[in-house]
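Worksheet: one structure, shown below.
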Amino acid sequence: MESVKRIKVKDLLQSTAYGSEVTVKGWVRTFRNNQFIAINDGSTINNIQAVVDFSTTDEALLKRLTTGAAVSITGELIESQGKGQKVEVKVKHLEILGDSDGEKFPLQPKKHSLEFLREIAHLRFRTNTFNAVFKVRHALAYSIHKFFNDKGFVYLHTPIITASDAEGAGEMFRVTTLDFNNPPRTETGEVDFKQDFFGKTTNLTVSGQLEAELAAMAFGEVYTFGPTFRAENSNTTRHLAEFWMIEPEVAFADLTDNMNLAEELLKYVIKHTIDTCADELEFLKNRLLEEEKTKPQDERSELDLIAKLNFCLSNDFERLTYTEAIEILRNSNPNKKKKFKYLIDKWGADLQSEHERYLVEKHFKKPVILVDYPKEIKAFYMRQNEDGTTVRAMDILFPGIGEIIGGSQREERLEYLEKRMGEMHIPADELYWYLDTRKFGTAPHAGFGLGFERLVLFVTGMTNIRDVIPFPRAPKTAEF
Ligand code: 4AD
Ligand code: MG
401 MESVKRIKVK DLLQSTAYGS EVTVKGWVRT FRNNQFIAIN DGSTINNIQA
451 VVDFSTTDEA LLKRLTTGAA VSITGELIES QGKGQKVEVK VKHLEILGDS
501 DGEKFPLQPK KHSLEFLREI AHLRFRTNTF NAVFKVRHAL AYSIHKFFND
551 KGFVYLHTPI ITASDAEGAG EMFRVTTLDF NNPPRTETGE VDFKQDFFGK
601 TTNLTVSGQL EAELAAMAFG EVYTFGPTFR AENSNTTRHL AEFWMIEPEV
651 AFADLTDNMN LAEELLKYVI KHTIDTCADE LEFLKNRLLE EEKTKPQDER
701 SELDLIAKLN FCLSNDFERL TYTEAIEILR NSNPNKKKKF KYLIDKWGAD
751 LQSEHERYLV EKHFKKPVIL VDYPKEIKAF YMRQNEDGTT VRAMDILFPG
801 IGEIIGGSQR EERLEYLEKR MGEMHIPADE LYWYLDTRKF GTAPHAGFGL
851 GFERLVLFVT GMTNIRDVIP FPRAPKTAEF
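Just add 400 to the spot in the sequence shown (first one is 1) and you have my numbering.
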């Protein structure tokens with residue numbers, strides 16, 4: 401058969417070329433009254449309706465119009481009689497490209513729970529919710545690259561396999577080709593990693609920051625955008641074992657420059673998504689409203705999804721120090737009434753997500769940037785303040801999410817860095833290449849890491865991070 405050029409549903413729905421012959425290919429969402437086929441091809445969240453004349457169509461063929469089947473339809477584009485769509489296709493030729501057994505196809509034309517859809521993640525792309533989520537994810541990824549490209553940043557590909565623990569937190573997945581059942585041993589009986597593939601112990605990267613810093617000391621402005629891995633055993637709605645991170649690193653920049661860049665980036669990508677994903681966001685807004693109907697009034701959002709995104713664009717993020725935040729939290733109602741799981745009693749406590757969310761959602765009611773954290777709860781590479789107790793760290797906290805960005809001005813002074821590494825038992829000899837940047841033309845610089853899935857979570861209004869990455873990796877979860 402001669403292959404006819406298909407028109408995407410998205411374009412077809414905009415078309416007014418009534419009377420013209422068109423070919424559309426996609427998957428059947430529903431088939432009603434032996435007459436109306438709703439077809440989706442993924443180009444838009446909306447379906448095109450095709451109308452088949454059952455009196456002239458082979459009955460066996462009609463029976464194969466089941467939910468999930470792939471079809472090719474050629475017919476005349478006509479103005480729609482029905483409500484809800486402008487155009488429809490009057491079927492002249494109908495071909496089933498791939499059958500779908502209606503009894504067995506797990507996606508029925510009804511509401512499925514997100515938990516169920518997670519179990520069939522290989523098919524969930526075919527639902528409106530996941531069509532919208534992954535379109536938004538795409539728009540965010542694209543606009544992140546565009547933002548940095550337009551500013552002259554260089555996109556740096558940092559290694560996935562590495563011998564260093566960038567965060568010094570030790571939550572790494574080991575990479576090895578040694579025979580687990582019979583590993584080579586040293587004379588003293590330890591596993592001999594000198595005989596491993598790379599001649600030393602290696603792991604999946606937790607962050608590309610250290611390598612990004614090397615490049616920033618040459619290009620001035622770089623960013624990474626790649627997968628990162630954390631073997632933290634956190635079964636939460638905000639943690640993944642494999643997630644994507646965006647890490648800009650800028651030379652000759654201090655913490656204020658860093659905050660400004662981060663705020664500008666977040667606003668830019670949210671704006672881009674509002675501008676390009678209107679249908680998707682409208683759908684997600686309504687989905688969230690439905691979901692929140694099941695919650696008690698005080699747990700529902702004050703703003704709907706789109707209003708929340710616009711609110712974010714039109715307000716400056718609140719900037720304050722960790723010390724100021726601790727005072728607010730210490731005097732807060734949930735702390736006094738012992739409603740927090742972790743009570744704030746002294747300076748130095750690490751903030752839990754309940755505290756971050758209190759600051760953002762209840763106290764300031766807008767995004768917050770906290771700076772100058774105690775050095776004890778932050779990584780070795782952060783620039784030390786004159787007070788000797790805090791570092792030039794910044795965390796950006798978002799409503800419903802908590803920490804979305806973590807970053808800092810970096811310690812560019814060799815002697816301070818070496819001393820801190822010693823105190824924190826970070827092996828300086830293994831990181832000689834990192835220290836070299838401080839020996840040869842060191843300069844003030846700063847950067848941050850934006851957790852991509854947390855951003856997608858925020859913009860889509862989804863509640864579980866496993867629903868904004870195609871195939872989530874989490875403890876005991878590595879299907880597909
Ligand atoms: O705060 P983190 O650990 O910072 C770093 O890795 C720095 N090297 C970044 C830098 O300065 N270049 O992680 C950065 C962000 C967090 O704010 C959070 O959004 C996200 O990464 N993140 C996670 N997202 C999903 N699942 C996890 N397990 C995450 N851990 C961190
Ligand atoms: Mg952090």
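A virtual CB, placed ideally from N, CA and C, is assigned to each residue, including glycine.
May I ask whether a heavy atom of the ligand MG can be found less than 7 Å away from the beta carbon of residue i?
i           : result
residue 772 : no
residue 754 : no
residue 795 : yes
residue 853 : no
residue 802 : no
Between residue i and the rest of its own chain, which residues show a CB-CB distance below 7 Å, the 5 nearest in sequence each way excluded?
i           : result
residue 900 : Given a span of 401 to 880 for the chain in the structure shown, any question on residue 900 remains unanswerable.
residue 535 : 677 and 680
residue 529 : 687
residue 410 : 443 and 444
residue 539 : 672, 673, 676 and 677
residue 415 : 477 and 487
residue 871 : 521 and 880
residue 837 : 613, 614 and 617
residue 632 : 571 and 639
Excluding sequence positions up to five away, which residues of its chain have a Cβ less than 6 Å from the Cβ of residue i?
i           : result
residue 808 : 782, 792 and 793
residue 747 : 726
residue 554 : 619 and 622
residue 717 : 663, 767 and 769
residue 431 : 437 and 465
residue 882 : Because the chain spans 401 through 880 in this model, residue 882 falls outside it and cannot be assessed.
residue 667 : 713
residue 586 : 592
residue 752 : 742
residue 420 : 477
Any idea which residues DSSP pairs residue i with across the strands?
i           : result
residue 765 : In DSSP, residue 765 forms no bridge with anything.
residue 519 : Answer is none; residue 519 lacks a bridge partner.
residue 669 : According to DSSP, residue 669 bridges with nothing at all.
residue 355 : Residue 355 cannot be examined here, being either before or after the span of the chain that is shown, 401 to 880.
residue 431 : 437
residue 626 : 645
residue 794 : 771 and 807
residue 848 : 807
residue 877 : 874
residue 421 : 476
residue 426 : 471
residue 555 : 623
residue 838 : Answer by DSSP bridge pairing: none, since residue 838 is not bridged.
residue 498 : 470
residue 784 : 791
Can you list, in chain order, the residues of its chain with a C-beta nearer than 8 Å to that of residue i? Leave out the 5 residues immediately preceding and following it.
i           : result
residue 692 : 699, 700 and 701
residue 868 : 533, 537, 853, 856, 857, 860 and 862
residue 454 : 434, 435 and 462
Confirm the yes/no value for this check: CB of residue i, any heavy atom of the ligand 4AD, distance under 7 Å.
i           : result
residue 639 : yes
residue 880 : no
residue 831 : no
residue 630 : yes
residue 643 : yes
residue 808 : yes
residue 751 : no
residue 848 : yes
residue 865 : yes
residue 503 : no
residue 485 : no
residue 564 : no
residue 609 : yes
residue 786 : no
residue 567 : yes
residue 805 : yes
Does any residue of chain C have a CB that is nearer than 8 Å to the CB of residue i?
i           : result
residue 450 : No chain C appears in the structure shown, which is made up of a single protein chain.
### Task
Evaluate contact between the region 499-507 and the region 661-677, counting only Cβ atoms and requiring at least three cross-stretch pairs below 8 Å.
no
### Query
Are the region 610-621 and the region 635-650 touching by the rule of at least three beta carbon pairs closer than 8 Å?
yes
### Task
Please determine if the region 820-830 and the region 851-865 are in contact, where contact requires at least 3 C-beta pairs separated by less than 8 Å.
no
### Three CB pairs or more closer than 8 Å across the region 546-564 and the region 696-713
no
### Task
Please specify which runs of the beta strand (DSSP E), each continuous and at least 3 residues long, are wholly inside the region 634-704, giving them in chain order.
642-651
### Segments assigned alpha helix (DSSP H), at least 4 residues, entirely inside the region 440-496
459-463
### Query
Are the region 771-788 and the region 728-743 touching, with three or more C-beta to C-beta distances below 8 Å?
no
#### Entry: Cβ contact (3+ pairs, closer than 8 Å) linking the region 748-760 and the region 795-815
yes
### Query
Curious, which full-length beta strand (DSSP E) runs of at least 3 residues does the region 700-752 contain?
718-721
### the region 511-519 touching the region 590-599, judged by at least three CB pairs closer than 8 Å
no
### Task
Would you mind listing the beta strand (DSSP E) stretches within the region 567-616 that are 3+ residues and don't spill past its ends, in chain order?
602-604
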